[in-house]
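Number of protein chains: 2
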Amino acid sequence: MKIQLSELDRKILRAVQDNSARSMAELGNVVGLSASACHRRLKSLEDRGLIAGYGATLDRRQLGFAMQFFIEVSLVSQSEPVLEAFENAVRAIPEILECHLMAGQSDYILRVVCRDAEAFAQLHRELVARLPGIARVHSNMSIREVKPYAGLPV
Amino acid sequence: MKIQLSELDRKILRAVQDNSARSMAELGNVVGLSASACHRRLKSLEDRGLIAGYGATLDRRQLGFAMQFFIEVSLVSQSEPVLEAFENAVRAIPEILECHLMAGQSDYILRVVCRDAEAFAQLHRELVARLPGIARVHSNMSIREVKPYAGLPV
DNA sequence: ACAACAATGCGCATCGGCGTACCGAGAGAA
DNA sequence: TTCTCTCGGTACGCCGATGCGCATTGTTGT
Numbered sequence: 001m002k003i004q005l006s007e008l009d010r011k012i013l014r015a016v017q018d019n020s021a022r023s024m025a026e027l028g029n030v031v032g033l034s035a036s037a038c039h040r041r042l043k044s045l046e047d048r049g050l051i052a053g054y055g056a057t058l059d060r061r062q063l064g065f066a067m068q069f070f071i072e073v074s075l076v077s078q079s080e081p082v083l084e085a086f087e088n089a090v091r092a093i094p095e096i097l098e099c100h101l102m103a104g105q106s107d108y109i110l111r112v113v114c115r116d117a118e119a120f121a122q123l124h125r126e127l128v129a130r131l132p133g134i135a136r137v138h139s140n141m142s143i144r145e146v147k148p149y150a151g152l153p154v
Numbered sequence: 001m002k003i004q005l006s007e008l009d010r011k012i013l014r015a016v017q018d019n020s021a022r023s024m025a026e027l028g029n030v031v032g033l034s035a036s037a038c039h040r041r042l043k044s045l046e047d048r049g050l051i052a053g054y055g056a057t058l059d060r061r062q063l064g065f066a067m068q069f070f071i072e073v074s075l076v077s078q079s080e081p082v083l084e085a086f087e088n089a090v091r092a093i094p095e096i097l098e099c100h101l102m103a104g105q106s107d108y109i110l111r112v113v114c115r116d117a118e119a120f121a122q123l124h125r126e127l128v129a130r131l132p133g134i135a136r137v138h139s140n141m142s143i144r145e146v147k148p149y150a151g152l153p154v
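Rendered as structure tokens:
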């Protein structure tokens, strides 16, 4: 069954995705509804599983993570145990914020943050050293976030 | 001046990054503090600019964005007007969630979501058609999120 | 060592926002 | 028309956020 959303629902999702610290009254003003109606619709959206969670976005720079990388990794083998070992290692490294299994040239893309070049060098060494199946590692550093993460185009 | 954080502050940041819907009392239980002390520390963290904002994470699948891509783009020229035009176009396309200017082989990396293959084909066409300076476009589809976005390792 | 001050945690009081119950308006079917 | 279903608004009780005063601890200077 396909989920149908009214324009009001989509407005609420946009508003809440952008800023979840608003009070219901403020949210109501934004989307053009009373606080209680807003609350009801938002609750319904949560119950239907459209909202995965609420969280704070921390300031990467302020916290000293000056560098950000997208690392492409290819493995020598796509056999199950090799992938399994790689993925478990990835999940255990906190500097790796994200990991995607890819279709295309590379097998994986990782998003990584580091405090400085030294930390990156160490992480890089750790990646290649710890994981036996690695065939190729291409690191690409982000120079500037042209468009910082924007929410889903609801 | 370097910002110094106590272990308590880091605990609060971790907790709030993971889930900002908790009450102060709950947050206090998590980090081992009273609600009022928690509130004061959190307020201080906000005032010092360590928290960029609060937001809801929407469920990509539920909202019908079945596909996710990382697109690498190279331009024929790195001249300022070309970059400028490209970046403005990127910012105007809502399906492009993120855009980074990169050091390395490719000039840009885009993160893109699409409802289906058709929508992706159209977006792809739009990208290459609209932007005169494009030399190369490599699309990589994410098959599986091995590690979904985890917060900064505070 | 001790005094003074800063830092920080806790408890309490107050006030505002959340969540619910109820009411009314509008649309659609019989 | 009238019944009903949906949905938004209003009213209100209660919980949680927020600010304050006090206590305790740690640090610094003499």
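So the protein lines, in turn, are chains G and P.
Mapping the first sequence onto full-length UniProt numbering, position 84 (from 1) lands on 84, and the numbers just tick up by one.
Mapping the second sequence onto full-length UniProt numbering, position 27 (from 1) lands on 27, and the numbers just tick up by one.
Glycine is no exception: its CB is placed at the ideal position from the N, C-alpha and C atoms.
Is VAL73/P helix, strand or coil by DSSP?
What you label residue 73/P is simply residue 73 of the second sequence in a count that begins at 1. Reduced to three states, the DSSP call for VAL73/P is strand.
Of the residues ALA129/P, ILE12/P, ASP116/P, PRO132/P, the one placed nearest ARG41/P, counting alpha carbons only:
Start at 1 with the first residue of the second sequence, and residue 41/P comes out as number 41. When C-alpha distances from ARG41/P are compared across ALA129/P, ILE12/P, ASP116/P, PRO132/P, the shortest belongs to ILE12/P.
What is the C-beta distance between VAL137/G and CYS99/P, in whole angstroms, given that I count them as a contact (C-beta under 8 Å)?
Here residue 137/G refers to the residue found at position 137 of the first sequence. Here residue 99/P refers to the residue found at position 99 of the second sequence. Actually they do not touch by this definition, with Cβ atoms about 23 Å apart.
ARG144/P - DSSP class collapsed to helix/strand/coil:
Residue 144/P sits at position 144 when you count from the first residue of the second sequence. Reduced to three states, the DSSP call for ARG144/P is strand.
Could you give the distance in angstroms between the alpha-carbon of GLN62/G and the alpha-carbon of ALA52/P?
Mapped onto the first sequence, residue 62/G falls at position 62. Mapped onto the second sequence, residue 52/P falls at position 52. Distance between the alpha carbons of GLN62/G and ALA52/P is about 10 Å.
Run through DSSP, which three-state label would GLU98/G get?
The residue you call residue 98/G lines up with position 98 of the first sequence. Strand at GLU98/G.
Looking at C-beta atoms only, is the number of pairs between the segment 64-78 of chain G and the segment 110-119 of chain P that lie closer than 8 Å three or more?
They do not touch, by the three-pair rule.
Are the beta-carbon atoms of ALA150/G and LEU97/P separated by less than 8 Å?
Sequence index remark: in the first sequence, residue 150/G carries index 150 (1-based). Sequence index remark: in the second sequence, residue 97/P carries index 97 (1-based). Taking 8 Å as the Cβ cut-off, ALA150/G and LEU97/P qualify as a contacting pair.
Fully enclosed by the UniProt domain "HTH asnC-type" (5-66) of chain G, which beta strand (DSSP E) runs are 3 residues long or longer?
Complete beta strand (DSSP E) runs here, min 3: 51-58.
Starting from the beta carbon of MET102/P, find every residue of chain G whose beta carbon is closer than 8 Å, and list them in chain order.
Taking the second sequence and counting its residues from 1, one reaches residue 102/P at position 102. The contacting residues are PHE70, ASN140, MET141, SER142, ILE143.
Counterpart residues of LEU110/P in DSSP-defined beta bridges:
The count along the second sequence starts at 1 and reaches residue 110/P at position 110. For LEU110/P, which the question treats as bridged, DSSP gives the partners ILE71/P, CYS99/P.
Are ARG60/P and LEU152/G touching if we call contact CB-CB under 8 Å?
Residue numbering aside, residue 60/P sits at position 60 when the second sequence is read from its first letter. Residue numbering aside, residue 152/G sits at position 152 when the first sequence is read from its first letter. Yes. Within cutoff.
For ILE134/G, which beta-bridge partners are listed by DSSP?
Taking the first sequence and counting its residues from 1, the one referred to as residue 134/G is at position 134. Under DSSP, ILE134/G takes part in a beta bridge, and its partners are LEU75/G.
Can we say the segment 80-94 of chain G touches the segment 120-134 of chain G, given the rule of at least three CB pairs closer than 8 Å?
Here the segment 80-94 of chain G lies against the segment 120-134 of chain G, with 3 or more beta-carbon pairs under 8 Å apart.
Return the chain-ordered list of same chain residues with a C-beta closer than 7 Å to the C-beta of ARG115/G, the five sequence neighbours on each side being excluded.
As a position in the first sequence, residue 115/G is number 115, starting the count at 1. Excluding its 5 nearest sequence neighbours in each direction, ARG115/G has C-beta neighbours in its own chain below 7 Å: GLY64, PHE65, ALA66, listed in chain order.
Span of the alpha helix (DSSP H) holding PRO81/G?
Locating residue 81/G in the first sequence gives position 81, counting from the first residue. Its alpha helix (DSSP H) spans residues 80-92.
Beta-carbon spacing of LEU127/P, GLU95/P below 8 Å
By one-based count along the second sequence, residue 127/P stands at place 127. By one-based count along the second sequence, residue 95/P stands at place 95. Not in contact: LEU127/P and GLU95/P (Cβ atoms no closer than 8 Å).
Assuming GLY55/P and GLY55/G form a contact by the criterion Cβ under 8 Å, report the distance between their Cβ atoms to the nearest whole angstrom.
Counted from its first residue, the second sequence places residue 55/P at position 55. Counted from its first residue, the first sequence places residue 55/G at position 55. Correct: roughly 7 Å between the Cβ atoms.
Suppose you measure from the CA of SER79/G to the CA of PHE86/G; what does that come to, to the nearest Å?
Here residue 79/G corresponds to residue number 79 of the first sequence, with the count starting at 1. Here residue 86/G corresponds to residue number 86 of the first sequence, with the count starting at 1. Per the coordinates, the alpha-carbon of SER79/G lies some 11 Å from the alpha-carbon of PHE86/G.
Are the CB atoms of LEU45/P and ASP9/P nearer to each other than 8 Å?
The residue given as residue 45/P occupies position 45 in the second sequence. The residue given as residue 9/P occupies position 9 in the second sequence. Cβ distance < 8 Å, so LEU45/P and ASP9/P count as in contact.
Under 8 Å by Cβ, that's how I've got SER142/G and GLN68/G pegged, so tell me the actual separation to the nearest angstrom.
Here the question's residue 142/G lines up with position 142 in the first sequence. Here the question's residue 68/G lines up with position 68 in the first sequence. Taking the Cβ atoms as the reference, SER142/G lies roughly 4 Å from GLN68/G, within the contact range of under 8 Å.
Rounded to whole angstroms, what's the CA-CA distance from SER34/P to ARG48/P? Just pull it up for me.
If you number the second sequence from 1, residue 34/P lands on position 34. If you number the second sequence from 1, residue 48/P lands on position 48. Computed Cα separation, rounded: 21 Å.
Would you mind stating whether LEU50/G and LEU5/P have Cβ atoms separated by less than 8 Å?
Here residue 50/G refers to the residue found at position 50 of the first sequence. Here residue 5/P refers to the residue found at position 5 of the second sequence. With contacts defined by Cβ atoms closer than 8 Å, LEU50/G and LEU5/P do not form a contacting pair.
Span separating the alpha-carbon of ALA103/G from that of ARG144/P
On the first sequence, residue 103/G is found 103 positions in, with the first residue counted as 1. On the second sequence, residue 144/P is found 144 positions in, with the first residue counted as 1. When only Cα atoms are considered, ALA103/G and ARG144/P end up about 9 Å apart.
Within 10 angstroms of the Cβ of SER15/G, are there 16 or more other Cβ atoms? Answer buried if so, exposed if not.
Locating residue 15/G in the first sequence gives position 15, where the first residue counts as 1. Just to set this straight, residue 15/G is Ala in the shown sequence, not Ser. Per the 10 Å Cβ criterion, buried.
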